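Protein chains in written order, with the working numbering: chain U, 1039 to 1123; chain P, 2 to 307.
Yeah, the Cβ is synthetic: ideal placement off N, Cα and C, and Gly gets one too.
Nothing here was measured: the structure is a model prediction, and the numbers come from that model.
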């Protein structure tokens, strides 16, 4: 791809991303609606959902790792498994 | 109240959603649809295997400022933060090494059983520029990134956020788990640890086969899966320090953290770091269990059964 083609493609992308932003960020568009319906209350936008996650994480990537309780032993029937990936 | 279970396929893995529901709960199906929508959005935008994904477009424009959607921008920024927090042992720029090792297409399509080394520069992530004001990302020329090491965990976190109205829910995407509340039976969700080995951790080792978590996330990283050559030890966990699949003394590590993205990265880092990996988790307040190749286990101090 030469530079002219690349610039043309980049301009198209910029327009596409801009349009997505205008259309409510173009992100999880159906999700917020479904969430509102599910909760029966006012839903946060998808962007707010990500922000909430980022705030919960608090700056540094592992900064709130210590907030989590350790797992405990269980002799119950498991509901699911951490099979690894 | 009974435990509802919904399963679907996304991000090349099985996704399972669990929640206690009443018979009259007509919103359960909508919750599952919303969760499925999150996974589809993340996969469509962040998969390196989709030539039309936004991530592929970013990789195609390395060297140029790329205007990113909020989802891609935040995913890349988070990956850079994770790289910084792990001194580059987690690094989204290892894609060339991953492809050189043979993982150059969706896993089920890999036919090669040979790999080659690709020199990597530890700290490649440092040259990724994320501009918060313009939401543009600039990669170095020739640089390409992969978000596979963090994207699935993040998708699970986002899915849990999407189901914020459910106080009791567990989402499992191929072993990347986020759990809120409990299924109503115990004070949390009971999870079996499986790493694919012949001798699962637990019997004979004094370790519990199952553990219970609540309001926490868990991920297991293993070299026994996504492996395309046993002879050449070719698997998907690339060590940026060598540019080759890891030669860790551990075959798997399970990590428990506050978020699934954290657990996802933490499990990989602990595995790549080997014997120092559990100390890394412990120092950051996370919990983990590592299984050596012979099936013996070692864990952080608060892991049950220790």
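- At a cut-off of 7 Å between C-beta atoms, residue 81 of chain P does not count as an interface residue with respect to chain U.
- P/16 is the residue among P/86, P/25, P/65, P/16 whose C-alpha sits nearest the C-alpha of residue 1119 of chain U.
- Residue nearest to residue 62 of chain P within the set P/90, P/152, P/139 is P/139 (criterion: CA-CA distance).
- For residue 304 of chain P, the three-state secondary structure derived from DSSP is coil.
- Around residue 129 of chain P, no beta-carbon contact reaches into chain U at under 8 Å, the shortest distance being about 15 Å.
- Taking a C-beta distance under 7 Å as the contact criterion, residue 190 of chain P and residue 172 of chain P do not qualify as a contact pair.
- Counting other Cβ atoms within 10 Å of its Cβ, residue 93 of chain P reaches 16 or more and is therefore classed as buried.
- Here DSSP, grouped into helix, strand and coil, assigns residue 258 of chain P to strand.
- Residue 138 of chain P sits in a strand when the DSSP states are folded into three classes.
- Going by beta carbons, residue 152 of chain P and residue 72 of chain P fall outside the 7 Å limit.
- Going by DSSP, residue 132 of chain P is part of the beta strand (DSSP E) stretching over 130-132.
- It is roughly 6 Å from the alpha-carbon of residue 96 of chain P to the alpha-carbon of residue 145 of chain P.
- Closer than 7 Å at the C-beta level to chain U, one finds these residues of the stretch 182-193 of chain P: 184, 186, 187, 190, 191, 192, 193.
- Beta bridge pairing from DSSP links residue 213 of chain P with U/1110, P/191.
- Counting only residues of its own chain and dropping the five nearest sequence neighbours on each side, residue 157 of chain P has a CB closer than 6 Å to the CB of 172, 174, 177, 179, 261.
- Around residue 124 of chain P, the same chain offers 89 as residues with beta carbons nearer than 6 Å, after the five sequence neighbours per side are excluded.
- Taken through DSSP and simplified to helix, strand or coil, residue 244 of chain P comes out as coil.
- Boundaries of the alpha helix (DSSP H) harbouring residue 41 of chain P: 29-47, taken from the DSSP string.
- Contact with chain U is absent for residue 160 of chain P, since none of that chain's Cβ atoms lies less than 7 Å from the residue's Cβ.
- Inclusion of residue 272 of chain P and residue 222 of chain P in the CB contact set at 7 Å is warranted, their separation being smaller than that value.
- Neighbourhood of residue 173 of chain P in chain U, by CB distance below 7 Å: 1118, in chain order.
- Taking a 10 Å sphere around the C-beta of residue 1117 of chain U, we find 16 or more other C-beta atoms and assign the residue as buried.
- If you draw a straight line from the Cα of residue 30 of chain P to the Cα of residue 259 of chain P, it comes to about 27 Å.
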